[in-house]
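K.L.:
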Amino acid sequence: MTEHDAGSGVPALRAERLGRRYGKVWGLRDCTLEVPVGAVAALVGPNGAGKTTLLEMIIGLLKPTEGQVSVFGETSRAGTAGTLARVGYVAQDHPLYRDFTVADMFHLGHAMNPSWDQKLAVARVDALGIPLKRKVKSMSGGQQAQVSLTMALAKRAPLLVLDEPVSSLDPVARLEFMRDVMASAADTDLTFLISSHVVSELERICDWLIILANGHVQLAGPTDGLLAAHQLLTVPRDTPGAELPGTAIHRTDSDSPSYRHSTVLVRTGADQPAARSRPGWQVDPVSFEQLVLGYLQHQSTPMTHDDPAQAAQRPRPSTKEFTR
Amino acid sequence: MIWVTWRQHRGQAIACLAVLAALAVYAIIEGTSMRSAFSSDGLAGSCLARTQGIGCENGIGAFMDKFGTVVNISFWSVALIVPGLIGVLVGGSLIARESEYGTWRLAWSQSVPRARWLAVKLGLVTGGLIVLGAAMTAVITWYRAPMDRLTGRMQHNVFDFEGLVLTAYILCAFGFAVLAGLLIRRSIPAMIAAFIPWLAIRLIVEFVFRDQFLAPLTTAMAASCHTQAGCGSGIGVVPQSVLPQSTGRIGDLVLGSKPGNLVSYQPADRFWPFQFIEAGIFVALAAAALGATILLLRRRAAWSA
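These protein sequence lines map, in sequence, to chains A and B. Residues in the first sequence are numbered from 0 upward in steps of one, following numbering that gives the first Met the number 0. Residues in the second sequence are numbered from 0 upward in steps of one, following numbering that gives the first Met the number 0.
1) Flag this pair as yes or no: are the beta carbons of Leu181 (chain B) and Thr4 (chain B) separated by less than 8 Å?
2) Run through chain A and tell me which residues come within less than 7 Å of Trp107 (chain B), C-beta to C-beta.
3) Note down, in chain order, all residues in the region 64–95 of chain A with a beta-carbon under 7 Å from any beta-carbon belonging to chain B.
4) Using a Cβ-Cβ distance cut-off of 8 Å, determine whether Thr292 (chain B) contacts chain A.
5) Is the beta carbon of Ala219 (chain B) less than 8 Å from the beta carbon of Leu261 (chain B)?
6) Strictly by DSSP, which residues pair up with Gly255 (chain B)?
7) Report all residues from its chain with a CB closer than 8 Å to the CB of Leu216 (chain B); omit the five preceding and five following residues, and keep chain order.
8) Under a CB-based cut-off of 8 Å, is Gly91 (chain B) close to chain A?
9) When we look at the beta-carbon of Tyr142 (chain B) and count the other beta-carbons within 10 Å, is it buried (16 or more) or exposed?
10) Pull the bridge partners of Asp283 (chain A) from the DSSP assignment, please.
11) Are the CB atoms of Cys205 (chain A) and Ala41 (chain A) within a distance shorter than 8 Å?
12) Verify the CB distance criterion: does Met138 (chain A) have a CB-CB separation below 8 Å to chain B?
13) Spell out the partners DSSP gives Ala134 (chain A) in its beta bridges.
14) Just the Cα atoms here: how many angstroms apart are Leu264 (chain A) and Pro113 (chain A)?
15) Under the rule that 16 or more other beta-carbon atoms within 10 Å means buried, what is Tyr25 (chain B), buried or exposed?
16) Any Cβ of chain A within less than 8 Å of the Cβ of Arg143 (chain B)?
17) Can you list, in chain order, the residues of its chain whose CB lies under 8 Å from that of Leu165 (chain B), leaving out five sequence neighbours each side?
18) Determine the extent of the beta strand (DSSP E) in which Ala179 (chain B) is found, giving its start and end residues.
19) Within 8 Å, do at least three Cβ pairs link the region 149–161 of chain A to the region 184–201 of chain A?
20) Skipping 5 residues on each side, what residues in its chain have a beta carbon closer than 7 Å to that of Ala12 (chain B)?
21) Terminal residues of the continuous alpha helix (DSSP H) containing Gln274 (chain B)?
22) Rounded to the nearest angstrom, what separates Leu12 (chain A) and Leu32 (chain A) at their Cα positions?
23) When the cut-off is 8 Å and only beta carbons count, does Ala114 (chain B) lie next to chain A?
24) In chain order, what residues of the same chain lie with their CB nearer than 6 Å to the CB of Val237 (chain B), ignoring the 5 residues before and after it?
25) Under a CB-based cut-off of 8 Å, is Ala110 (chain A) close to chain B?
26) Indicate whether Val177 (chain B) and Leu93 (chain B) have their beta-carbon atoms separated by less than 8 Å.
27) Would Leu16 (chain B) be called buried (16 or more neighbouring beta carbons within 10 Å of its own) or exposed?
28) Alpha carbons only, please: which of A:Trp115, A:Thr246, A:Phe176, A:Phe99 is nearest the one belonging to Gln359 (chain A)?
29) Can you name the residues of chain B whose CB is closer than 7 Å to the CB of Pro45 (chain A)?
30) Indicate whether at least one CB of chain B lies closer than 8 Å to the CB of Leu152 (chain A).
31) Return no unless some Cβ of chain B is closer than 8 Å to the Cβ of Leu107 (chain A).
32) Counting Cβ pairs closer than 8 Å, one from the region 188–205 of chain B and one from the region 100–109 of chain B, do we hit at least three?
33) Might you give, ordered along the chain, the residues of its own chain that have their beta carbon closer than 6 Å to the beta carbon of Val89 (chain A), omitting 5 neighbours on each side?
34) What residues are listed by DSSP as bridge partners for Cys30 (chain A)?
35) So Tyr100 (chain B) and Arg97 (chain A) are in contact, right, with Cβ under 8 Å, and what is the actual spacing, rounded?
36) Determine whether the Cβ of Ser98 (chain B) lies closer than 8 Å to any Cβ atom of chain A.
Here it is, written out as structure tokens:
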């Protein structure tokens with residue numbers, strides 16, 4: 000995996016104006032983003048945002064209607080051996096053949112992947128205490144998820160894509176699964192792309208964030224940089240939008256009788272200096288969850304308290320500004 | 000991929016072997032008793048060969064009373080649908096099951112492109128079905144051998160199980176079911192959706208087109224039939240007593256009589272040409288369905304939408 004050196008400048012994943020149409024409806028449109036080598040990237044968005052569509056185009060299951068994806072600099076072509084071999088995939092609900100044993104599943108992995116690492120696979124389920132002779136249908140959901148992850152790791156692909164890996168698991172299994180993903184990410188130079196609509200699962204392990212909603216990328220970039228570039232302002236309720244620094248992403252008005260105020264998520268940046276506290280204002284750093292929720296609400300509810308001229312000028316948050 | 004195919008289909012392979020074994024047990028029991036009756040009724044001797052059936056009426060009648068209904072009618076009725084059932088049961092789940100359990104995301108995201116995945120599976124399963132069809136044909140042909148001496152092999156309920164067509168029927172039902180599985184993505188509906196057109200085509204080919212594969216011949220009715228009411232017509236189900244036949248030769252498929260004591264018929268020696276024509280029709284249908292499946296699977300989007 001040394002050829003995928005982080006210093007070479009080739010991203011692990013690059014999507015350029017990627018789009019996929021189902022009949023007349025666009026499942027994903029104009030998606031441009033990059034994930035650097037070695038990153039653990041979170042792909043966040045509500046159900047139906049286009050997450051699975053994006054992931055299936057990345058792994059080569061789905062052919063883009065427009066644009067293209069490249070993995071480690073090589074353009075993905077749906078359904079070709081080269082593209083399939085470059086990406087390991089744990090599908091939603093981690094499907095396995097129910098009447099297969101774990102050993103059968105590994106046999107299948109070996110038969111269908113030229114670079115299969117049987118030692119790694121066996122050692123991993125051994126460490127997890129899953130017997131090789133156990134049938135898939137008699138394993139718990141957590142164990143099935145672990146076998147799926149093991150198969151993706153043993154494929155020895157430099158990019159791993161996990162689609163909603165924990166959504167069907169109980170809280171303990173979620174914790175254990177994510178801990179194992181984190182350990183794999185720390186031990187190797189693999190690049191991870193993990194989709195979820197459960198934000199709290201991702202916060203601890205992801206250093207790259209992509210927010211997808213309504214088939215469009217809302218925000219993408221390194222988590223630290225994105226957090227530093229956003230602030231949470233608490234301002235009097237009647238503060239006009241034009242007086243707020245930076246770009247207002249989402250505004251919540253509180254009608255509490257004691258203190259009528261608004262909470263506003265603002266984006267600041269190189270050309271938009273960070274907000275300084277004014278009398279009656281409170282300026283706070285933003286948390287991962289607040290950032291994600293702010294963008295998801297931004298896309299779903301228009302900000303009615305802005306004056307129309309300001310709203311028209313407000314640039315749509317685009318990927319490129321935040322991609323490094 | 001060979002191992003993967005075997006691991007996924009070994010249950011079906013065992014079930015098919017069980018069907019074959021059951022058929023063989025029945026054929027051995029019934030076939031053995033038919034053979035001994037055939038000898039003891041005096042039919043195995045020179046009577047049939049020398050006289051084309053004239054003078055053997057008593058022996059033929061006794062033999063037909065004992066076996067005719069079971070071998071020519073009951074067996075045909077059951078065995079008519081068996082090739083279709085085998086084909087749709089094996090084919091219906093081949094792709095649809097991957098959709099039902101979501102395992103297509105697993106199967107098609109390994110390093111083997113899905114078109115190759117499908118081609119290998121189809122190749123191996125088709126091979127298995129050909130072996131099964133050939134074995135069933137061999138068993139049935141052995142079982143029917145004494146009866147075939149009396150009826151020939153052109154009669155509808157004989158023609159359907161001997162030679163090449165039985166295997167071709169299985170392949171056609173299989174091809175339809177695989178395609179239906181890709182389009183419908185549910186095993187049971189795919190099996191039903193494949194079986195109905197298979198049965199319709201199967202019956203239409205048999206009862207509408209088969210008699211006309213080659214232009215029928217015409218001959219004068221055998222002299223013995225002028226005086227005898229019971230000359231066999233041989234249309235559809237074999238009558239209890241088929242001999243002597245109105246063409247005067249055992250094994251001809253008599254299509255009908257014409258004015259002036261003429262009969263139109265398909266001669267017995269057209270068995271193999273007719274087998275090739277009918278098997279060709281069903282193999283072509285199977286190939287078209289399987290080819291369409293591979294093309295659609297290569298071109299179509301994933302199943303997420």
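Virtual Cβ for every residue (Gly too), placed ideally from N, Cα, C.
P.N.:
Walking through what the data contain:
1) Mapped onto the second sequence, residue 181 (chain B) falls at position 182. Mapped onto the second sequence, residue 4 (chain B) falls at position 5. It is not a contact, given that the beta carbons lie outside the stated cut-off.
2) On the second sequence, position 108 is the one that residue 107 (chain B) refers to. Within 7 Å Cβ-Cβ: Leu60.
3) Gly78, Thr79, Ala80, Leu83, Ala84, Tyr88, Ala90, Asp92, Pro94, Leu95
4) Translated into positions along the second sequence, residue 292 (chain B) becomes position 293. Chain A contact via Cβ: absent.
5) In the second sequence, residue 219 (chain B) corresponds to position 220, counting from 1. In the second sequence, residue 261 (chain B) corresponds to position 262, counting from 1. Yes. Within cutoff.
6) The residue labelled residue 255 (chain B) in the question sits at position 256 within the second sequence. Answer is B:Ser263, bridged to Gly255 (chain B).
7) Position 217 of the second sequence, counted from the first residue, corresponds to residue 216 (chain B). The answer, listed in chain order, is Ser263, Tyr264, Gln265, Pro266.
8) Position 92 of the second sequence, counted from the first residue, corresponds to residue 91 (chain B). Chain A contact via Cβ: absent.
9) What you label residue 142 (chain B) is simply residue 143 of the second sequence in a count that begins at 1. Tyr142 (chain B) comes out buried.
10) Position 284 of the first sequence, counted from the start, is the residue given in the question as residue 283 (chain A). For Asp283 (chain A), which the question treats as bridged, DSSP gives the partners A:Leu231.
11) Your numbering for residue 41 (chain A) matches position 42 in the first sequence. Your numbering for residue 205 (chain A) matches position 206 in the first sequence. Cβ distance < 8 Å, so Ala41 (chain A) and Cys205 (chain A) count as in contact.
12) Residue 138 (chain A) sits at position 139 when you count from the first residue of the first sequence. So no, Met138 (chain A) is outside the interface.
13) Here residue 134 (chain A) refers to the residue found at position 135 when the first sequence is read from its first residue. Note that residue 134 (chain A) is Lys in the sequence shown, not Ala. Note: Lys134 (chain A) sits in a beta bridge opposite A:Thr100.
14) The count along the first sequence starts at 1 and reaches residue 264 (chain A) at position 265. The count along the first sequence starts at 1 and reaches residue 113 (chain A) at position 114. Approximately 49 Å, taken between the alpha carbons.
15) On the second sequence, position 26 is the one that residue 25 (chain B) refers to. Classification for Tyr25 (chain B): exposed.
16) As a first step, residue 143 (chain B) is located in the second sequence; it is residue number 144 there, counting from the start. Chain A, which has no Cβ nearer than 8 Å to the Cβ of Arg143 (chain B), makes this no.
17) As a first step, residue 165 (chain B) must be located in the second sequence, where it is residue number 166. Cβ neighbours of Leu165 (chain B) beyond the five flanking positions: Pro82, Gly132, Met135, Thr136, Ile139, Asp159.
18) Counting from one through the second sequence, the residue named residue 179 (chain B) turns up at place 180. Where Ala179 (chain B) is concerned, there is no enclosing beta strand (DSSP E), although the alpha helix (DSSP H) it sits in stretches over 164–183.
19) yes
20) Looking up residue 12 (chain B) in the second sequence gives position 13. Cβ within range, chain order: Gly127.
21) As a working note, residue 274 (chain B) is residue 275 in the second sequence. Gln274 (chain B) -> alpha helix (DSSP H) spans 270–298.
22) For the purposes of this step, residue 12 (chain A) is identified with residue 13 of the first sequence, where counting begins at 1. For the purposes of this step, residue 32 (chain A) is identified with residue 33 of the first sequence, where counting begins at 1. Each residue's alpha carbon lies about 8 Å from the other.
23) In the second sequence, counting from the first residue as 1, residue 114 (chain B) sits at position 115. Closer than 8 Å to some Cβ of chain A, the Cβ of Ala114 (chain B) qualifies, so yes.
24) Taking the first residue of the second sequence as position 1, residue 237 (chain B) is located at position 238. Because the pLDDT of Val237 (chain B) is 43, which lies under 50, any placement of that residue in the model is unreliable, and the number read from its coordinates should be weighed accordingly. Cβ within range, chain order: Asn71, Thr150, Gln154.
25) Position 111 of the first sequence holds residue 110 (chain A). Output row for Ala110 (chain A): interface = yes.
26) Here residue 177 (chain B) is taken as the residue at index 178 of the second sequence, counted from 1. Here residue 93 (chain B) is taken as the residue at index 94 of the second sequence, counted from 1. Result yes, Cβ atoms of Val177 (chain B) and Leu93 (chain B) sit closer than 8 Å.
27) Position 17 of the second sequence holds residue 16 (chain B). Leu16 (chain B) should be labelled exposed.
28) Because residue 359 (chain A) is not part of the residues shown, which for chain A are 0 to 323, the question remains open.
29) Here residue 45 (chain A) refers to the residue found at position 46 when the first sequence is read from its first residue. Simply none; closest approach about 16 Å.
30) For the purposes of this step, residue 152 (chain A) is identified with residue 153 of the first sequence, where counting begins at 1. Output row for Leu152 (chain A): interface = no.
31) For the purposes of this step, residue 107 (chain A) is taken as residue 108 along the first sequence, with counting starting at 1. At least one chain B Cβ lies under 8 Å of Leu107 (chain A).
32) no
33) For this step, residue 89 (chain A) is matched to residue 90 along the first sequence. These residues qualify, in order along the chain: Ser147, Leu148, Ala151, Leu161, Pro164.
34) Along the first sequence, one-based indexing puts residue 30 (chain A) at 31. Its beta-bridge partners are A:Leu17.
35) Residue 100 (chain B) sits at position 101 when you count from the first residue of the second sequence. Residue 97 (chain A) sits at position 98 when you count from the first residue of the first sequence. With 8 Å as the limit, Tyr100 (chain B) and Arg97 (chain A) qualify as a contact, their Cβ atoms being about 7 Å apart.
36) Here residue 98 (chain B) is taken as the residue at index 99 of the second sequence, counted from 1. It does not; no Cβ of chain A falls within 8 Å.
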